[in-house]
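Protein chains in written order, with our numbering: chain Y, 43 to 289; chain P, 65 to 545.
Listed below in structure tokens is the structure:
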């Protein structure tokens, strides 16, 4: 099986530790993961801000870059949601039916990290060690677009030393929403305040999730409030072992 | 995309447009602590109840699919079903009127009331008459409309507009309601307390006098059955039934999408609607009438007001499936914080954000499609499976295209998006652009995080830090592995 990493633009430029952790984790599980550097971005930002036609070349680039792989793994529910639910439609609306069918096929082979581990590799215990009190925020797109369900918490529960505490009102959006955070900053901040307050009630040291974007938002709020809670991506926790602690 | 010949809801009448954009209105609403507490309490209570009422129906998924399919059938053959309805209503002694928009509908209703010689009408709770501003039109003609739904009465006496589809006075608490009654309700006990039972009793006494004296009633309709010509109103209080049965003249205003083909189709909707809206297995009062009952005059006004224009957009037309249950409002985190008035339309929340801009044309409601994080809770809750997030995204592109068409120069946002797309289209350009993010390390060096940013990113930095960009991008790290 040829497996490729879709880095995601956010992880590539702003939080590379998340992508490095994904690579470490997959390699530890015996996957010879490749990273084709022709990849750029899934185009979701363009589509969701109202510029779908600008995203079509990005769909084409995604298809061209990854067509030769059996599975593509991304540390993001949101990007995988866009690839699976937007790419084919975008190509079809642009009148490119060939691209649409290639994009649809590729969407079926593109997996969010927890989906890939639990469904494709069939593992829940990835041999991680992470001795911290952790709460998990299910991001909206992993929850409602991908329906990852309890896959992430299955993985977290199998981590040695990890104490998983339930987040109250976990399924409530953190208020990020891409450009929503800028266009509707006040409502976004109000939602974030409620999310960080819910995190505070768990007395967790770490808040984790499967999306760097939501974690950037939640972490940005926690940092500004001086809350003393860190945000750590699911991939980073799962990549951590006794031999290889979190850098 | 243009919709030649498709009339949208006209300006200057009705309640589909706000005075300020959603972000501005929402920010003001967020400052109202009382409103936020009322809304958070009310929406979280009904959210929990609805989830339970839906969970006990084993075949909910099938019911939901059936609801969507029936509505899609209606929308695909609207012309046929509307004519069938007209024929059946007429055959049963009713009179059918066709209204292109709010102004025509208001003129028809006003003229009908005038011809009865009555200067007062009692009203069943109805969204569509709020949509067209019928109360204002009647008042302008010297006719007093009296809302008989308790919450609508509170809104009317408070000289206010509804902020929720189902519970229009959700933004009011009982102390405020007591004050409104004492100030505005004729013949009210001056020692009225704010006990809910006492408030309900005061409204009951007031309304009972109106029910017995009124000669004309105006209603909306939840459903109209094409094959029989039967209309249906679903309600909780029984005040609607008083209006539908007591006065000599009944005028029903109905959006053209409210049809179902067959009587049997109601089986689906009378399960979907109460569980989704009030979280009840069955609503207390379901009234049906076919044409004019003996001794009564019945008029049906069929309203377009932007519905045909909505139907013309293949990616937007599913909004016309909506049965006004308001489940999407109650699960929406944005609605919960901003409240209904921030949307500027009597259709607030997620469905309002896709329906209002389509009824008015996107140019008149350009901020509404952006009033969502696309979290998807609305789609999950919708009993007729309207993919609201996908529709919001589609309408965003219509807003962007509309703005691009009306401006000579691209907006800063459009220019940024174009530049980003150009950069991301080419891996080499993208690799260089990613490396440039490192320059952000300078602003983040003092606290090892970024606390201030230039406009428009300053809107992020009001409440949120950004991490200091890394020394090396992932792809550079990977390249020397």
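Glycine is no exception: its CB is placed at the ideal position from the N, C-alpha and C atoms. Keep in mind it's a predicted model, so treat the numbers as computed, not measured.
Check, Outcome
"Residue 175/Y beta carbon less than 9 Å from that of residue 201/Y", "no"
"Unbroken beta strand (DSSP E) run spanning residue 245/P, endpoints", "It is not in any beta strand (DSSP E) - residue 245/P instead sits in the alpha helix (DSSP H) that spans 238-248."
"Interface flag, residue 51/Y vs chain P, CB-CB below 9 Å", "yes"
"Proximity test, residue 384/P beta-carbon vs the ligand GDP heavy atom, cut-off 8 Å", "As far as ligands go, the structure on display features none, and thus does not contain the ligand GDP."
"Cα-Cα separation, residue 108/P to residue 211/Y", "10 Å"
"Check whether residue 64/Y and residue 81/Y have beta carbons under 9 Å apart", "no"
"9 Å Cβ cut-off: residues of chain Y touching residue 534/P", "55, 56, 57, 58, 59"
"DSSP three-state assignment for residue 62/Y, whether helix, strand or coil", "helix"
"Nearest-angstrom Cα separation, counted from residue 259/Y out to residue 484/P", "21 Å"
"Endpoints, the beta strand (DSSP E) within which residue 351/P is located", "349-354"
"Three-state secondary structure assigned by DSSP to residue 319/P", "strand"
"Range of the contiguous alpha helix (DSSP H) that encloses residue 506/P", "504-507"
"Where the beta strand (DSSP E) containing residue 209/P begins and where it ends", "208-211"
"Residue 477/P at chain Y interface by Cβ criterion, 9 Å", "yes"
"Chain-order list of residues whose beta-carbon lies under 7 Å from that of residue 213/Y (same chain, five-residue window excluded)", "180, 185"
"Any chain Y beta carbon closer than 9 Å to residue 96/P", "no"
"8 Å contact criterion, which residue 166/P and residue 197/P should meet: CB distance rounded", "6 Å"
"With 16 other Cβ atoms within 10 Å as the buried cut-off, status of residue 535/P", "exposed"
"Bridge partners - residue 460/P, DSSP secondary structure assignment", "Beta-bridge pairing links residue 460/P to no other residue."
"CB contact below 9 Å: residue 235/Y versus chain P", "yes"
"Neighbour flag for residue 213/P against chain Y, beta carbons, 9 Å", "no"
"For residue 272/Y, the residue or residues it bridges with in DSSP", "248/Y"
"Start-end ranges of the alpha helix (DSSP H) lying completely within the stretch 193-233 of chain Y, minimum 4 residues", "193-199, 222-225"
"C-beta neighbour in chain P for residue 87/Y, strict 9 Å", "yes"
"Burial state of residue 479/P, where buried means 16 or more other Cβ atoms lie within 10 Å", "exposed"
"Per-residue burial, residue 245/Y [other beta carbons within 10 Å of its own, 16 or more giving buried]", "exposed"
"Exposed unless 16 or more other CB atoms sit within 10 angstroms - verdict on residue 269/P", "exposed"
"Neighbour flag for residue 455/P against chain Y, beta carbons, 9 Å", "no"
"Residues sharing a beta bridge with residue 184/P, DSSP", "208/P"
"C-beta contact flag for residue 323/P and residue 352/P at 9 Å", "no"
"Closest Cα partner of residue 417/P within the set 75/P, 74/P, 254/P, 87/P", "87/P"
"Nearest candidate by alpha-carbon position, reference residue 277/P, set 307/P, 495/P, 157/P, 533/P", "307/P"
"Contact with chain P by residue 77/Y, beta-carbon distance below 9 Å", "yes"
"Test item: CB-CB of residue 314/P and residue 163/P under 9 Å", "no"
"Chain Y contact for residue 302/P (CB, 9 Å cutoff)", "no"
"Separation of residue 217/P from residue 281/P, as counted between CA atoms", "15 Å"
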